[in-house]
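Report on the following structure.
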Amino acid sequence: MEEGDQGCVDYSCTVSGESSESYFLDPSYCYHQTEIFSELPSQKTLKRRTVQDSSPRVSGEGPESHRAERDRANSSQDTVGGWDPMKDDKRPLRNYPLSIAEKRRMRETRRSQSGRISWWLSWKQSKLTTWRRLRDDLANALQNLKPWKGALREIEGKFGTGVKSFFTLLHCLIYLNLISCIFIAGLVVVPTALLRSEVLAVNETSTHRTGECNSSGKSDQKAFYSHVKDFFLGSGFMEDSYLFYGFYPGAGLTQLSYNLPLMYLLCSVGVLLLSLLWVVTRLGRDYKVRWVQGRQYKTPLSFKIFAGWDFCIRETDPATLKQSRIRNDLKMDLDEEQYHQRVSNQTVKQRALLCLIRVVLNLIVLTLLAGAFFLIYQATQVSQSYQQEPYNFSVTVSFLIEYLPSMSITLINFLLPQVFRRLVKFEDYLLTTQINLTLVRCVFLKLSSLGMFLFSLYQQIFCSGNLENPKCKACGYNRDYQCWETKVGQEMYKLLLFDFLASIGTTFLLDYPRKVLVEKCSWRLVQFIGKDRFLVPLNVLNIVYSQTLTWTGLFYCPLLPLLNSAMLFLTFYIKKFSLYNNCQPAKRMFRASSSSVFFQCVLLLGLFLALVSVGVSISMSRCSQVCGPFQQYNLSFKVVAACINSLPGVAKTALYYILSEAFAIPLIISECILLTFYVSLVRAHQGTIEELKEKLVMDVTDKRFLVKKHSALAKKYKDELDRNVSTDSSGDGPSWEDPVDSCDLQLAVSHLGHSEESGGAPGVHLQEE
Numbered sequence: 001m002e003e004g005d006q007g008c009v010d011y012s013c014t015v016s017g018e019s020s021e022s023y024f025l026d027p028s029y030c031y032h033q034t035e036i037f038s039e040l041p042s043q044k045t046l047k048r049r050t051v052q053d054s055s056p057r058v059s060g061e062g063p064e065s066h067r068a069e070r071d072r073a074n075s076s077q078d079t080v081g082g083w084d085p086m087k088d089d090k091r092p093l094r095n096y097p098l099s100i101a102e103k104r105r106m107r108e109t110r111r112s113q114s115g116r117i118s119w120w121l122s123w124k125q126s127k128l129t130t131w132r133r134l135r136d137d138l139a140n141a142l143q144n145l146k147p148w149k150g151a152l153r154e155i156e157g158k159f160g161t162g163v164k165s166f167f168t169l170l171h172c173l174i175y176l177n178l179i180s181c182i183f184i185a186g187l188v189v190v191p192t193a194l195l196r197s198e199v200l201a202v203n204e205t206s207t208h209r210t211g212e213c214n215s216s217g218k219s220d221q222k223a224f225y226s227h228v229k230d231f232f233l234g235s236g237f238m239e240d241s242y243l244f245y246g247f248y249p250g251a252g253l254t255q256l257s258y259n260l261p262l263m264y265l266l267c268s269v270g271v272l273l274l275s276l277l278w279v280v281t282r283l284g285r286d287y288k289v290r291w292v293q294g295r296q297y298k299t300p301l302s303f304k305i306f307a308g309w310d311f312c313i314r315e316t317d318p319a320t321l322k323q324s325r326i327r328n329d330l331k332m333d334l335d336e337e338q339y340h341q342r343v344s345n346q347t348v349k350q351r352a353l354l355c356l357i358r359v360v361l362n363l364i365v366l367t368l369l370a371g372a373f374f375l376i377y378q379a380t381q382v383s384q385s386y387q388q389e390p391y392n393f394s395v396t397v398s399f400l401i402e403y404l405p406s407m408s409i410t411l412i413n414f415l416l417p418q419v420f421r422r423l424v425k426f427e428d429y430l431l432t433t434q435i436n437l438t439l440v441r442c443v444f445l446k447l448s449s450l451g452m453f454l455f456s457l458y459q460q461i462f463c464s465g466n467l468e469n470p471k472c473k474a475c476g477y478n479r480d481y482q483c484w485e486t487k488v489g490q491e492m493y494k495l496l497l498f499d500f501l502a503s504i505g506t507t508f509l510l511d512y513p514r515k516v517l518v519e520k521c522s523w524r525l526v527q528f529i530g531k532d533r534f535l536v537p538l539n540v541l542n543i544v545y546s547q548t549l550t551w552t553g554l555f556y557c558p559l560l561p562l563l564n565s566a567m568l569f570l571t572f573y574i575k576k577f578s579l580y581n582n583c584q585p586a587k588r589m590f591r592a593s594s595s596s597v598f599f600q601c602v603l604l605l606g607l608f609l610a611l612v613s614v615g616v617s618i619s620m621s622r623c624s625q626v627c628g629p630f631q632q633y634n635l636s637f638k639v640v641a642a643c644i645n646s647l648p649g650v651a652k653t654a655l656y657y658i659l660s661e662a663f664a665i666p667l668i669i670s671e672c673i674l675l676t677f678y679v680s681l682v683r684a685h686q687g688t689i690e691e692l693k694e695k696l697v698m699d700v701t702d703k704r705f706l707v708k709k710h711s712a713l714a715k716k717y718k719d720e721l722d723r724n725v726s727t728d729s730s731g732d733g734p735s736w737e738d739p740v741d742s743c744d745l746q747l748a749v750s751h752l753g754h755s756e757e758s759g760g761a762p763g764v765h766l767q768e769e
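Using the UniProt record's numbering, the first residue of the sequence shown is number 1, and each one after it goes up by one.
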């Protein structure tokens, strides 16, 4: 091979020791620099792939041929002969295996090639740098102001990422409810409060209307109501407040020229759409993380054991938390590996028996769910019928009748999840699968129970859809429910309040005495029962249920998000107290990445239930004629049509066209085109991701090869040096028989770092097969 074909780059490889003396290797060894790249594992794999793809194809060229062609092109660029490190390379000079003199010459070359930069580009670059620094500083400041940051880190270290995911979701829901409160207060509550005298006058006029459908049904005698009862039932003074639907006037505020009914409707729908956008965004982000961090792209145990420690830790408490975090992570890995090993060793008979057990247990679950729905329906029917009849009950009995549906739903939601949690253990799933399956069943229970309650309540209000009923014929709804929207809001308020009180009672009246009894009493039965365990799925389901109640009752009780924010804030400290004091550590850990996606899906299901409920109420249910902002309309959605009719001709025509069916055809076509574009983009990204993963694997393999080669050469050089010293021979240096020298290795490592900067991510540790 001629010298011109070698593609030799004239590098002066300096070998320096502890002293300042150095010598240069013989330039005749530079012809070996092309051979080191041909010995890399990545180049050998590329050669095999190129030989396979060079065979004739019957069906024409496919994606593999293009991929091989691209790899060959990249390979030709990566060789020493075709790769000029001084051309279009912006790496720092310290990354080059060159002498100081060569680095100085390269620096001067870069300066001469860079040329002068215009003042506009210089000013633009400085502004971009300033803005980037300001943005980073602002993000760090907001991150430091984030509440409960230290508490979340401590929970993660002591109890694992799974428990932390519950508190993180709780923390995010508080922010979501506060944003909803600001939105509602600014558009509905504050304008109503600014003109309180006009609102009271409008409400007073509505109260004194005559007619069968214009009687408010409110009693002026306040002696029968105590403030405590009004607080728990949402009646009395609370019914005549900003909390419920019936307080807001049925006409626009003339002094402000403000269309309150329209803003009330848009605000309710806008908060639900904002929540939908928030949930979908978090779901997409968590799903992307889970998809990237698949099982095939998993950090090995050896890395977690030998390289998982953070040597920047100097305090005792952070060190203890870091130890706990590593221990919990290892527990999760070992549990998963043990489960997969046990499943792989199962026989056909064992699998058939397991399938039969799972079928039987699912039938039992369905039976329990059917019984729960029947109980909720009957409790709602009995409660509503006794409230409308003039029975002379005592205060306690009437209070229990009012809360009968809430108590039934809370009791069912407390007992059946415990049954589901014990049944799923016999189905022999992975711990994460057990959690998700229990969560599915509990979600179906809680959301379906809420749906059954709303269904039975609407059956009472609208006479089971039979408008010929004497009670519903005159008004279009049951005349016993003159302000039925406020009645639904009161039921949502009672459900949310009773669920929160049940959580407090369970923590301080059940779990805490149980913990004290276990610590003080040594009986076998007491020790067998033990302390309670912090069950992440059930606790997540409780806050999802409360958030679903908030979304569902938002239209009927506008300030329900504010109430839920206060309850979630207190729930954080209550659950933290229960976690630290009442509960014992879990025997098995589970990953937050595998369950966070499912938590967001559960939250999305609750939001869909709220959207369906509010959508039916807005578009299909007759509005009350005695209270609320829509008492002048048959349907709440008619306020939008009235607002459009008040616009000028061109705007009215354009809006009617947008809301018509003719606009749906181009909209569907545009959505199909956009969906096709994004699907194609996702497929292209998936191919790129797979190629980058393979490149990362090859880069790591090349590093290991170079390290082994460097160690062998270093050992050979040391042996040669010791032999020369022992024989007292005075030579110019060791004689190299290996065609690869240290200069080649330094050049190859530098080139490998260059390829990482252009396409890979350094520092990624992959498991060696």
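C-beta atoms are modelled at their ideal positions from N, C-alpha and C, and glycine is treated no differently. Treat the numbers as computed from the prediction; the structure is a model and nothing was measured.
Could you check the C-alpha separation between residue i and residue j for me, to the nearest Å?
{"i": "residue 553", "j": "residue 303", "result": "50 Å"}
{"i": "residue 101", "j": "residue 112", "result": "17 Å"}
{"i": "residue 383", "j": "residue 238", "result": "21 Å"}
{"i": "residue 270", "j": "residue 259", "result": "16 Å"}
{"i": "residue 542", "j": "residue 257", "result": "43 Å"}
{"i": "residue 110", "j": "residue 707", "result": "31 Å"}
{"i": "residue 501", "j": "residue 473", "result": "40 Å"}
{"i": "residue 192", "j": "residue 385", "result": "35 Å"}
{"i": "residue 264", "j": "residue 458", "result": "22 Å"}
{"i": "residue 284", "j": "residue 266", "result": "26 Å"}
{"i": "residue 330", "j": "residue 301", "result": "8 Å"}
{"i": "residue 644", "j": "residue 181", "result": "28 Å"}
{"i": "residue 190", "j": "residue 312", "result": "51 Å"}
{"i": "residue 250", "j": "residue 635", "result": "13 Å"}
{"i": "residue 399", "j": "residue 416", "result": "25 Å"}
{"i": "residue 287", "j": "residue 99", "result": "49 Å"}
Check residue i in the structure and name its three-state DSSP category.
{"i": "residue 323", "result": "helix"}
{"i": "residue 20", "result": "With a pLDDT of 36 at residue 20, under the threshold of 50, the modelled position of that residue is not reliable, and no figure is offered here."}
{"i": "residue 583", "result": "strand"}
{"i": "residue 107", "result": "helix"}
{"i": "residue 258", "result": "strand"}
{"i": "residue 386", "result": "helix"}
{"i": "residue 309", "result": "coil"}
{"i": "residue 333", "result": "helix"}
{"i": "residue 160", "result": "coil"}
{"i": "residue 184", "result": "helix"}
{"i": "residue 146", "result": "coil"}
{"i": "residue 698", "result": "helix"}
{"i": "residue 558", "result": "coil"}
{"i": "residue 686", "result": "helix"}
{"i": "residue 373", "result": "helix"}
Measuring alpha carbon to alpha carbon, tell me which residue in the options is nearest residue i.
{"i": "residue 425", "options": "369, 361, 454 and 415", "result": "361"}
{"i": "residue 771", "options": "574, 617, 455 and 321", "result": "Here the chain covers residues 1 to 769 and nothing more, so residue 771 does not appear."}
{"i": "residue 278", "options": "179, 642, 308 and 724", "result": "179"}
{"i": "residue 151", "options": "165, 139, 341 and 142", "result": "165"}
{"i": "residue 435", "options": "596, 513, 711 and 699", "result": "596"}
{"i": "residue 174", "options": "525, 710, 563 and 668", "result": "563"}
{"i": "residue 414", "options": "503, 333 and 463", "result": "503"}
{"i": "residue 558", "options": "125, 573, 187 and 231", "result": "187"}
{"i": "residue 167", "options": "452, 230 and 574", "result": "574"}
{"i": "residue 603", "options": "656, 177, 522 and 276", "result": "276"}
So is residue i in contact with chain C if we call contact Cβ pairs under 8 Å?
{"i": "residue 386", "result": "Any reference to chain C falls outside this structure, which holds one protein chain only."}
Taking 8 Å as the cut-off, does the segment 436–444 touch the segment 536–554 (at least 3 CB pairs, one atom from each stretch)? yes
Would the segment 608–622 and the segment 542–556 be scored as touching if the rule is three or more Cβ pairs under 8 Å? yes
When the Cβ atoms of the segment 409–420 are set against those of the segment 368–382, are three or more pairs found closer than 8 Å? yes
Any contact of the segment 320–331 with the segment 149–159, i.e. 3+ C-beta pairs under 8 Å? yes
Contiguous alpha helix (DSSP H) assignments of at least 4 residues, all confined to the segment 395–475: 395–402, 404–423 and 431–461
Just checking, does the segment 374–382 make contact with the segment 403–415 on the three C-beta pairs under 8 Å criterion? yes
Counting beta carbon pairs with one atom in the segment 239–247 and one in the segment 572–580, are three or more of them shorter than 8 Å? no
Which whole runs of the alpha helix (DSSP H) in the segment 493–555 are 4 residues long or more, in chain order? 512–520, 524–529 and 536–552
Does the segment 621–639 come into contact with the segment 468–485, if we say contact requires no fewer than three beta-carbon pairs (one atom in each stretch) closer than 8 Å? yes
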